[in-house]
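**Student:**
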Amino acid sequence: MGTTLSTSRPRPGRPRSRVRLVTIGLAAAILAVPSAVAAADDAGAPQAPGDSLRAIAAREGLRIGTAVDMAKLGTDTAYTSVVADQFSVVTPENVMKWDAVEPTRGTYDWQAADRLVSFAEQHDQLVRGHTLMWHNQLPGWLTSGVADGSIGTAELRDILHQHVTDEVGHFRGRIWQWDVANEVFANSWDSHPLADGVNGDDFWVQHLGEGVIADVFRWAHQADPKALLMYNDYNITGEDGTNAKFQAVYDFVKRLRAQGVPIDGIGEQGHLDTQYGFDPQTFQADLQAFGDLGLKVAVTEADVRTFVSGTGADEVPTDQLAAFAQPYEFSAMLTGCRLVRQCISFTAWGVDDGDSWIPNTFSGEGYGLLYDARLRPKQAYFALRQDLLLGLSAHRTDG
Ligand code: G3I
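In my numbering, the protein residues as written are 95 to 493.
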């Protein structure tokens, strides 16, 4: 049975009862340790459908998701079962990116992306499209054409317009949220922030000016008026301790919406590292501030990395406190989302530690996800599950 967006999208602002959620992330994470250790030894132990993250979260109108590696979906049966059973929204980790869908100019390859969307519709899942305009994973023909001057500014703008129109049009009516623009704002360490905080060194801003951000949202809306159009970025809920990037995005999106630009929501990626600490209050307050603008919010790429010894299923945090901090910070992000009515989904950036981007990007780090490399649920999985269950048993103010 396919999932029809018009009926299955969460209603605006989750229809959650006024459950006074108790932010007990740390306690839940610590309490989860014994059960997690026990459960982790029962890798693959059958779980009643009603006990899955997606089922428990559905009771409060929240969708729990994961990024999906299409090299494993449908070929690795255990992986495929976890994706189907535990998550109610899926994001293609890579196969909707420009280098994947148009490796040769004018020739599209939708096969892997179509397979994910079909899988989602067969499993009552919604799809987050990821991502239309990003400086990374661009096809070689485009970057080399710009570099050698054979693609000039006017043509580059037409190419981008065509890409957004073709990709959003191809999936019209089948994508719940699109990450329309990704990571175009400057971090405190970037060299050329513009006055409004946009990153002047971003490939698209550099070549087409920052007006292109509003343009891609307009083009995406024309191609699929029903999709939720999100601005997606990391470090926009105070993760680096300054909150400056949050303020820049907040002011920018508020201004564009006042101009009628069709921006529906904000994706906070949620890539954390236990070495930096985490401030759940700022995280939640910033999500709420975006919500108070009338925007939907989503946590779109959650993972909590830490330094490890060993590799794969033998990854062990080198800092023994990280064994608690990792599930705690995952739990705190979920709690922050759940306490903001406009937070419609919470997505982990991958299923298991054996398939995470982290080790290839942050040398010596890993352990970032909910499952280990043998697809055994970790403490973070049980912390989220316990949060969701306890959230139901907390004092209900509406009887
Ligand atoms: O497809 C090629 C393959 O043909 C080649 O043989 C192989 C070896 O070079 O590389 C493959 O491409 C890799 C691609 O993932 C697909 O697997 C790239 O090298 C690799 O760099 C790329 O990494 C992805 C990364 O984005 C690129 O920036 C990660 O899987 C993906 O998890 C990560 O996700 C991003 C989000 O899209 C945006 N937010 C940040 C997040 C983490 O960087």
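Think of the CB as a built atom: it goes at the ideal place given N, C-alpha and C, for glycine as much as any other residue.
Thinking C-beta only, is Val398 closer than 8 Å to Glu362?
**Tutor:** Taking the first residue of the sequence shown as 1, we reach residue 362 at position 268. Taking the first residue of the sequence shown as 1, we reach residue 398 at position 304. For Glu362 and Val398, no; Cβs fall outside 8 Å.
**Student:** Tell me whether Gly485 sits in a helix, a strand or coil according to DSSP, three-state version.
**Tutor:** Translated into the one-based positions of the sequence shown, residue 485 becomes position 391. Reduced to three states, the DSSP call for Gly485 is helix.
**Student:** Taking Trp283 and Leu322 to be in contact with their CB atoms under 8 Å, please state how far apart those CB atoms are, rounded to whole angstroms.
**Tutor:** Taking the first residue of the sequence shown as 1, we reach residue 283 at position 189. Taking the first residue of the sequence shown as 1, we reach residue 322 at position 228. That pair is no contact at about 31 Å.
**Student:** Would you identify the three-state DSSP class for Asp373, choosing helix, strand or coil?
**Tutor:** Along the sequence shown, read from residue 1 onward, the residue named residue 373 stands at position 279. Three-state DSSP puts Asp373 in coil, outside helix and strand.
**Student:** Quick one: using the 10 Å Cβ neighbour count with 16 as the cut-off for buried, is Asp447 buried or exposed?
**Tutor:** What you label residue 447 is simply residue 353 of the sequence shown in a count that begins at 1. Buried, because 16 or more other Cβ atoms sit within 10 Å of the Cβ of Asp447.
**Student:** So Thr201 and Phe181 are supposed to be a Cβ contact under 8 Å. How far apart are they, rounded?
**Tutor:** Your numbering for residue 201 matches position 107 in the sequence shown. Your numbering for residue 181 matches position 87 in the sequence shown. 32 Å between Cβ atoms; not a contact.
**Student:** Among all the DSSP beta bridges, which residues are the ones paired with Arg468?
**Tutor:** The residue you call residue 468 lines up with position 374 of the sequence shown. Paired residue(s): none; Arg468 is not in a bridge.
**Student:** Confirm, please, whether the CB-CB distance from Leu483 to Gln436 is below 8 Å.
**Tutor:** Indexing the sequence shown from 1 puts residue 436 at position 342. Indexing the sequence shown from 1 puts residue 483 at position 389. No; because the gap between Cβ atoms is not below 8 Å, this pair is not in contact.
**Student:** Label Asp327 either buried or exposed according to how many other C-beta atoms from any shown protein chain fall within 10 Å of its C-beta, with 16 as the threshold for buried.
**Tutor:** Against the sequence shown, residue 327 aligns to sequence position 233. That one is buried.
**Student:** Which residues mark the beginning and the end of the alpha helix (DSSP H) in which His365 is found?
**Tutor:** As a position in the sequence shown, residue 365 is number 271, starting the count at 1. Segment 365-367 is the beta strand (DSSP E) holding His365; no alpha helix (DSSP H) there.
**Student:** Please list, in chain order, all residues of the same chain as Val127 whose beta carbon is under 7 Å from its beta carbon, the five residues on each side excluded.
**Tutor:** For the purposes of this step, residue 127 is taken as the residue at position 33 of the sequence shown. Low per-residue confidence applies at Val127: pLDDT is 44, beneath 50, and the placement is therefore not dependable, though the value from the model is reported in the following sentence. So the qualifying residues of the chain are Gln473.
**Student:** Would the beta-carbon of Glu187 be found less than 7 Å away from any heavy atom of the ligand G3I?
**Tutor:** The count along the sequence shown starts at 1 and reaches residue 187 at position 93. Glu187: yes, Cβ under 7 Å from the ligand G3I.
**Student:** Using a Cβ-Cβ cutoff of less than 8 Å, which residues in the same chain neighbour Arg209 once the five nearest sequence positions on both sides are dropped?
**Tutor:** Translated into positions along the sequence shown, residue 209 becomes position 115. Hits under 8 Å: Met164, Leu167, Gly168.
**Student:** Quick one: measure Cβ to Cβ for Met427 and Gly385, integer angstroms, because I've assumed they're closer than 8 Å.
**Tutor:** Taking the first residue of the sequence shown as position 1, residue 427 is located at position 333. Taking the first residue of the sequence shown as position 1, residue 385 is located at position 291. That belief does not hold up - the Cβ atoms of Met427 and Gly385 are roughly 15 Å apart, past 8 Å.
**Student:** Please report the Cβ distance between Gln219 and Val184, rounded to the nearest whole angstrom; I am assuming they are in contact, meaning their Cβ atoms lie under 8 Å.
**Tutor:** Here the question's residue 219 lines up with position 125 in the sequence shown. Here the question's residue 184 lines up with position 90 in the sequence shown. Val184 and Gln219 do touch by the CB rule: their CB atoms are close to 5 Å apart, below 8 Å.
**Student:** Leaving out five residues on either side along the sequence, give the residues of the same chain with a beta carbon under 7 Å from the beta carbon of His315.
**Tutor:** The residue labelled residue 315 in the question sits at position 221 within the sequence shown. Cβ within range, chain order: Leu323, Pro356.
**Student:** Which term fits Leu415, buried or exposed, when burial requires 16 or more other beta carbons within 10 angstroms of its beta carbon?
**Tutor:** Residue 415 sits at position 321 when you count from the first residue of the sequence shown. So Leu415 ends up on the exposed side.
**Student:** Do Gly458 and Glu409 have their C-beta atoms within less than 8 Å of each other?
**Tutor:** Mapped onto the sequence shown, residue 458 falls at position 364. Mapped onto the sequence shown, residue 409 falls at position 315. No, Cβ-Cβ distance for Gly458 and Glu409 is not below 8 Å.
**Student:** How long is the line joining the alpha carbons of Arg199 and Gly246, rounded to whole angstroms?
**Tutor:** Within the sequence shown, numbered from 1, the residue matching residue 199 stands at position 105. Within the sequence shown, numbered from 1, the residue matching residue 246 stands at position 152. Taking the straight line joining both Cα atoms gives about 15 Å.
**Student:** How big is the Cα-Cα spacing for Arg266 and Ala207?
**Tutor:** Along the sequence shown, one-based indexing puts residue 266 at 172. Along the sequence shown, one-based indexing puts residue 207 at 113. One C-alpha to the other measures close to 13 Å.
**Student:** Could you name each continuous beta strand (DSSP E) segment of 3 residues or more that falls completely within the stretch 211-295, going from the start of the chain to the end?
**Tutor:** Counting only runs of 3 or more, we get 220-227, 271-276.
**Student:** Put Ser439 into one of helix, strand or coil per three-state DSSP.
**Tutor:** Taking the sequence shown and counting its residues from 1, one reaches residue 439 at position 345. If DSSP states are grouped into helix, strand and coil, Ser439 belongs with the strands.
**Student:** Since Trp298 and Val306 should fall inside the 8 Å C-beta cutoff, what is the C-beta to C-beta distance between them, to a whole number of angstroms?
**Tutor:** Start at 1 with the first residue of the sequence shown, and residue 298 comes out as number 204. Start at 1 with the first residue of the sequence shown, and residue 306 comes out as number 212. Their Cβ separation, rounded to whole angstroms, is 5 Å, which keeps Trp298 and Val306 in contact under 8 Å.
**Student:** DSSP beta-bridge partners for Val398?
**Tutor:** Within the sequence shown, residue 398 is the residue found at index 304, counting from 1. Residue pairing from DSSP places Val398 in a beta bridge opposite Leu366.
**Student:** Which runs of the beta strand (DSSP E) at least 3 residues long sit entirely within the stretch 162-190? Give them in chain order.
**Tutor:** 183-186
**Student:** For Val116 and Thr174, what's the separation of their Cα atoms in angstroms?
**Tutor:** On the sequence shown, position 22 is the one that residue 116 refers to. On the sequence shown, position 80 is the one that residue 174 refers to. Since pLDDT at Val116 reaches only 45, below the 50 mark, its modelled position is unreliable, and no value is offered.
**Student:** Going by other Cβ atoms of all chains shown within 10 Å of its Cβ, with 16 needed for buried, is Asn276 buried or exposed?
**Tutor:** Residue 276 sits at position 182 when you count from the first residue of the sequence shown. With 16 or more other Cβ atoms within 10 Å, it is buried.
**Student:** Work out the CA separation of Glu395 and Arg157 for me, nearest whole Å.
**Tutor:** Stepping through the sequence shown from its first residue, residue 157 is reached at position 63. Stepping through the sequence shown from its first residue, residue 395 is reached at position 301. The alpha-carbon atoms of Arg157 and Glu395 are separated by roughly 14 Å.
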